[in-house]
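Beneath this line is the structure, given in structure tokens, with notes to follow.
Dropping the structure here:
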């Protein structure tokens with residue numbers, strides 16, 4: 017027995033165990049930091065083997081263009097979730113922006129800036145109301161944004177009389193259908209808003225306070241952070257991003273529709289969660305959310321190419337969301 021203990025405790029054996037533990041820690045750290053990117057690359061490789069049409073340049077461009085709308089919304093939702101909040105109103109805000117902006121986008125009536133400015137103003141106002149009710153009224157974000165979800169959808173139906181509003185100008189349609197140097201305009205906006213949102217969250221006082229509020233709201237108040245003010249700003253920014261997505265979606269389908277944006281809030285939350293944003297607050301990144309949105313896009317497109325039923329697609333998407341939340345929960349317990 018003693019000889020076995022001596023062998024087990026031999027410096028060389030101890031060194032091997034330390035090395036193995038070190039490699040495990042390194043791999044765990046690597047996957048924790050870059051796992052979402054590795055999963056995305058793995059999905060792209062898998063889909064390219066399963067369907068030769070997947071790696072077609074036109075198809076890939078179409079995937080990114082389709083997911084860019086949800087991706088833009090998800091950036092704002094990410095910031096909200098980091099503060100331990102939630103935004104269920106994104107899809108309804110998109111619908112309200114859509115019908116109101118479309119009514120001012122007819123050919124020869126108003127300059128392009130008018131429907132854009134009105135649409136953005138509606139999104140900002142809706143987000144500001146969400147933030148104010150949640151922060152100043154001490155109402156849970158779930159309830160505050162659920163109320164906005166219902167009210168905004170009702171206003172969209174009331175404004176449009178439940179009908180699509182068409183006959184949009186060519187200049188407005190460019191927002192959803194145009195290209196610059198062969199790149200669809202929605203993709204360009206998706207990348208620009210991704211860069212802006214990332215810089216806001218990682219390089220500014222706004223971002224630092226966002227993480228601080230999500231990490232410990234009471235401690236943030238004690239440190240002198242105006243929590244209510246920053247919550248309102250965060251929800252306002254989320255409303256602005258929903259409005260941007262709404263304007264481009266309207267231009268894409270060439271009509272303002274009161275039914276537009278249905279389930280977008282859930283897809284945006286899914287993209288954020290899959291991208292590593294913690295529902296417990298204090299954790300999340302914009303690049304991660306963008307990759308999360310792309311994962312949803314690759315999944316939907318790949319399954320379409322494989323002729324998989326849309327019902328199974330919904331089931332698989334739900335399973336991925338639950339798996340992402342379970343992984344987050346395990347990380348929280350370990351930490």
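In our numbering, the protein residues as written are 17 to 351. Think of the CB as a built atom: it goes at the ideal place given N, C-alpha and C, for glycine as much as any other residue.
If you draw a straight line from the Cα of residue 248 to the Cα of residue 199, it comes to about 34 angstroms. Nearest neighbour of residue 300 by Cα position, chosen from 190, 95 and 142, turns out to be 95.
Residue 235 and residue 118 do not touch by the CB rule: their CB atoms are close to 46 angstroms apart, not below 8 angstroms.
Contact between residue 128 and residue 85 fails: their C-beta atoms lie close to 19 angstroms from each other, not under 8 angstroms. Counting along the chain, residue 230 sits inside the alpha helix (DSSP H) bounded by residues 221–231. The segment 156–167 makes no contact with the segment 210–223; the number of CB pairs closer than 8 angstroms stays below 3. Cβ neighbours of residue 317 within its own chain (closer than 6 angstroms, five residues either side excluded): 79. Measuring C-alpha to C-alpha distances from residue 214 to each of 306, 331, 320 and 135 identifies 306 as the nearest. Residue 164 is a Cβ neighbour of residue 145, given a cutoff of 8 angstroms. For the pair residue 109 and residue 262, the CB atoms are nearer than the 8 angstroms cut-off. As the crow flies, the alpha-carbon of residue 224 is around 32 angstroms from that of residue 111. Ranked by how close their Cα comes to the Cα of residue 93, the residues 137, 304 and 56 have 304 in first place. With fewer than 16 other Cβ atoms from the protein chains shown falling within 10 Å of its own Cβ, residue 326 counts as exposed.
Nearest C-alpha to residue 268 among 252, 258, 184 and 302: 184. Counted as a single uninterrupted DSSP element, the alpha helix (DSSP H) harbouring residue 317 occupies residues 302–321. Here the alpha carbons of residue 201 and residue 190 stand approximately 8 angstroms from one another. The alpha-carbon of residue 328 is positioned some 31 angstroms away from that of residue 172.
DSSP places residue 102 in the coil class of the three-state scheme, outside both helix and strand.
Taking the CA atoms as reference points, residue 250 sits about 14 angstroms from residue 298. Taking residue 91 as reference, the option from 333, 209 and 337 with the minimal CA-CA separation is 209. Excluding its 5 nearest sequence neighbours in each direction, residue 56 has C-beta neighbours in its own chain below 8 angstroms: 307, 310, 311 and 314, listed in chain order.
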